[in-house]
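Heads up: the sequence shown begins at 4 in my numbering, then just goes up one per residue.
The structure appears below as structure tokens.
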Amino acid sequence: MLTLADPAALIPLSVALGIGLLVGTERERHKGSGPHRRSAGIRTFTGAAMLGFAAQSLDAPWLVSAALLTLGALTMSAYQQSRQHDPGLTSEVAILLTCLLGALSGASPELAAIMGIALAAILAAREEMHRFVHQVITEQELKDVIIFLAAAMILLPLSPDHDTGPFQAINPHDLARFVVAVMSISALGYMAKRILGMRAGMALTGFAGGFISSTATILTMGQAAQREPHVLHAAAMGAVLSTVSTMVQLGLLLALFLPSLLPYMLLPIGLGCCTAGLYALWLYKAHEPECMPPNLDLRGHAFEHKTTLILSLAVLSITVMTAALNHWLGEPGVLIASMLAGLVDAHSSVASMSSLVHQGHASLPQAQLAILLAVSTNSLSKSAVAIGAGGKAFAVLILPGLLLVIAAVWLGAWARLWLASTIGPL
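Shown next as structure tokens:
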């Protein structure tokens with residue numbers, strides 16, 4: 004039982020009182036006036052919170068249940084009298100929860116305070132929440148949210164996290180994570196487009212999505228360009244910006260896993276990054292905002308389920324092929340495996356080459372060549388994705404940028420080699 008001998012005992016009491024006053028104040032503002040006003044206001048809610056706190060403080064668990072039952076009976080009686088004018092149950096549920104939060108204040112004042120503030124915020128945001136549900140979000144968007152949450156909260160956690168299948172190459176958890184990543188990028192792009200507008204939304208999605216999967220980002224942008232031809236330049240700009248992210252992430256991974264190779268790759272990565280950025284800037288300048296239809300409706304599908312499935316199956320197939328080459332050819336198959344792995348992910352070769360270099364099975368120049376091949380084949384695979392997902396018009400804008408990035412990366416590698424032979428080791 005709490006006593007006032009310890010000043011800390013006043014904290015739970017203050018929390019219970021604060022919750023009642025906060026929620027009660029919000030309800031008082033919506034109580035109305037006259038004969039049809041709601042029955043519960045600031046005093047009733049404060050009393051409910053104190054009732055719960057007092058019942059919990061007496062160290063008799065049954066008292067909390069008794070208090071809730073009594074309060075529930077009184078609340079339902081008031082509801083029966085007013086339901087013709089106010090059929091909602093919000094205040095009735097809120098007062099019972101306030102009583103429970105008052106009881107929780109004695110055991111966990113921090114949690115009770117957080118829940119009390121959250122309850123008050125939800126009650127205060129009534130108009131905004133109703134407008135969002137009825138006017139902002141569409142039925143299709145709601146279905147997409149449910150599908151995404153099912154994939155992220157059910158499929159991903161339940162997927163086994165161990166290697167299986169041919170050559171132990173299939174990891175169901177990694178595959179599920181890729182599916183969720185593709186859906187996440189699509190959803191991010193869709194939300195950014197709705198909130199920021201077409202050009203800014205596409206640019207943000209492209210750059211952020213590139214850190215997850217540049218291939219999936221280009222797939223998403225291609226789908227957007229195919230569905231809505233007026234966003235062609237904006238989608239192409241976002242797709243190229245994802246390559247900037249790929250280059251930045253490649254440098255970060257090298258710094259973490261294979262720092263001895265970073266001096267060999269700084270110039271190739273830097274030139275590739277600058278080339279992609281400048282090409283994206285050109286696409287931005289070439290895009291005419293006035294070509295957008297007036298009052299453009301940006302609502303639609305957050306992601307394409309069929310295309311996500313096809314891309315995931317392609318990733319699975321390439322992963323098995325890469326593992327088979329490593330198994331059959333051993334170390335001589337490293338370069339071929341790096342090229343195949345690059346079809347899916349430009350960064351995958353960093354981990355494998357880091358292991359080989361640390362074990363003494365590969366030199367730094369060999370590791371550099373393997374990573375350059377992976378980056379090149381990754382750009383080629385993204386070109387194929389751009390053609391398949393976005394059509395000819397989208398591919399015409401994307402392919403020159405991707406080919407320029409490949410050329411810039413190899414030019415950087417050659418320039419680094421030339422400088423090393425001319426002025427000595429860098």
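Just so it is clear, CB atoms sit at the ideal spot from N, CA and C, and this is done for glycine as well.
- Task: Check residue 293 in the structure and name its three-state DSSP category.
- Result: With a pLDDT of 40 at residue 293, under the threshold of 50, the predicted position of this residue should be treated as unreliable, and no value is reported.
- Message: Using only the alpha-carbon positions, how far apart do residue 298 and residue 154 sit?
- Response: Reliability of the predicted coordinates at residue 298 is poor, the pLDDT of 42 falling under 50, and the value obtained from them is presented with this limitation in mind. Cα to Cα, the separation comes out at about 34 Å.
- Message: Here's the rule I'm using: 16 or more other beta-carbon atoms within 10 Å means buried, otherwise exposed. How should residue 138 be labelled?
- Response: exposed
- Message: So for residue 300, helix, strand or coil by DSSP?
- Response: Here the model assigns residue 300 a pLDDT of 47, short of 50, so the residue's position is not dependable and the matter cannot be decided.
- Message: So, with DSSP's three-state summary, where would you put residue 140?
- Response: In this structure, residue 140 counts as coil in the three-state DSSP scheme.
- CA nearest to the CA of residue 228, picked from 312, 255, 189, 28: 189
- Near residue 390, which residues of its chain fall below 7 Å by C-beta distance, leaving aside the five closest residues on each side in sequence? Same-chain partners within the cutoff: 398.
- Item | Three-state secondary structure (DSSP) of residue 150 | helix
- Message: Tell me the rounded alpha-carbon separation between residue 392 and residue 225.
- Response: The straight-line gap from Cα to Cα measures roughly 5 Å.
- Item | Three-way DSSP call (helix, strand, coil) for residue 173 in this model | strand
- Message: I need the boundaries of the alpha helix (DSSP H) containing residue 133, first residue and last residue.
- Response: The continuous alpha helix (DSSP H) containing residue 133 extends over residues 129 to 134.
- Query: What residue ranges within the region 204 to 233 form continuous alpha helix (DSSP H) runs of no fewer than 4 residues, ordered along the chain?
  - Reply: 217 to 230
- Message: At the level of alpha carbons, what is the spacing between residue 384 and residue 259?
- Response: 26 Å
- Item | Sufficient close CB pairs (3 or more, under 8 Å) joining the region 264 to 272 to the region 365 to 375 | yes
- Task: Return the chain-ordered list of same chain residues with a C-beta closer than 8 Å to the C-beta of residue 415, the five sequence neighbours on each side being excluded.
- Result: Cβ-Cβ distances below 8 Å link residue 415 to 270, 271, 272, 273, 274, 275 in the same chain, with the five nearest sequence neighbours on each side left out; the list follows chain order.
- Residue range of the alpha helix (DSSP H) that residue 250 falls in? 235 to 260
- Enumerate in chain order the residues of its own chain whose CB-to-CB distance from residue 431 is below 6 Å, with the five nearest sequence positions on each side excluded. This structure does not reach residue 431, given that the chain is present from 4 up to 429, and the question cannot be answered.
- Message: If I measure Cβ to Cβ from residue 263 and keep anything under 7 Å in the same chain, skipping five residues before and after, which residues do I get?
- Response: 367
- Cβ-based neighbour list, residue 58, same chain, cut-off 7 Å, excluding 5 preceding and 5 following: 66, 67, 70, 106
- Task: Please report how far the alpha carbon of residue 412 lies from the alpha carbon of residue 421, in whole angstroms.
- Result: 14 Å
- Item | Host alpha helix (DSSP H) of residue 49 (start-end) | 45 to 60
- Message: On the criterion of 16 or more Cβ atoms from any shown chain inside 10 Å, does residue 388 qualify as buried, or is it exposed?
- Response: Residue 388 is buried by the Cβ-count criterion.
- Spatial neighbours of residue 159 in its chain, beta-carbon cut-off 7 Å, leaving aside the 5 residues before and after: Only 179, 180, 183 meet the Cβ criterion.
- Query: Apart from the five residues just before and just after residue 400, which ones in its own chain have a Cβ nearer than 6 Å to its Cβ?
  - Reply: 239
- Query: Between the Cα of residue 19 and the Cα atoms of 79, 33, 418, 113, which residue gives the shortest distance?
  - Reply: 113
- Task: Rank 233, 174, 27, 237 by C-alpha distance to the C-alpha of residue 95 and give the top, closest one.
- Result: 27
- Query: DSSP puts residue 167 in a beta bridge; with which residues?
  - Reply: 173
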